[in-house]
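Structure, as structure tokens:
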Amino acid sequence: MTVNSVAAPIDPAISTKVTTSSKQALGSQDFMKLLAVQFQSQDPMKPMDDTAFIAQMAQFTSLSQSQTMTAEMVKMNSSQQLAAANSFLGKQVVVDNGQGGTDAGTVSGVQVDPTDGPQLIIGSKAYSMSSVLYVQPVPASTTTTPADASTGSGS
């Protein structure tokens, strides 16, 4: 796309203030501002080609959908990690304790750390899911309940 310089001074009533910020990516507001400036500064005798405008809108729509999909994938990943952590509840695990050794115990709970994600509670300590080395089910209990002890004969 060719950009021609403007020889006439810009009307302050329609100009927008340009600010710099530390963000690196352009957002939807930035795109709309650029599009508005393009419309305001185009030559009325040579308006912008409609195919270029449609191409820009398609690119913007694609970018917006990509950003939405990325945000949804992040949410789905968080949910999946939490579901995986919940599957460890009640299981015997061996974990790397981060000090060159291992700790073992039954997972009694799951807590969510904002930076590290779900953590398994073993005893009074929390361990990240990536520290799990071994998992095994807890052995079945051998205690009997009163319903198990009855013979069920009615005669």
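For the sequence shown, the residue numbers in our numbering are 272 to 426.
Where is the CB? At the ideal position from N, CA and C, for every residue including glycine.
Leaving out five residues on either side along the sequence, give the residues of the same chain with a beta carbon under 8 angstroms from the beta carbon of V366.
Closer than 8 angstroms at the Cβ level, and outside the excluded window around V366, lie T373, D374, A375, L391, I393, Y398, S402, V403, L404.
Can you list the beta strand (DSSP E) stretches of 3 or more residues lying completely in the segment 347–417, in chain order?
Counting only runs of 3 or more, we get 363–367, 373–384, 388–393, 396–399, 403–407.
Is the beta carbon of P385 closer than 8 angstroms to that of Q431?
The structure shown does not extend to residue 431, since the chain is modelled only from 272 through 426, so no value can be given for it.
Going straight from the alpha carbon of Q330 to that of T339, what length do you get?
Approximately 14 angstroms between the Cα atoms of the pair.
If you drop the 5 nearest sequence neighbours on each side, which residues of the same chain put their C-beta closer than 7 angstroms to that of A356?
Contacts found: V381, P389, L391, M400.
To the nearest angstrom, report how far apart Q309 and Q336 are at their CA atoms.
About 24 angstroms.
Is K304 helix, strand or coil by DSSP?
Reduced to three states, the DSSP call for K304 is helix.
If you draw a straight line from the alpha carbon of K362 to that of A411, how long is it in whole angstroms?
Cα to Cα, K362 sits roughly 11 angstroms from A411.
Should V406 be labelled buried (16 or more other beta-carbon atoms within 10 Å of its own) or exposed?
Exposed.
Beta carbon of L360, beta carbon of V383: below 8 angstroms?
Contact: no.
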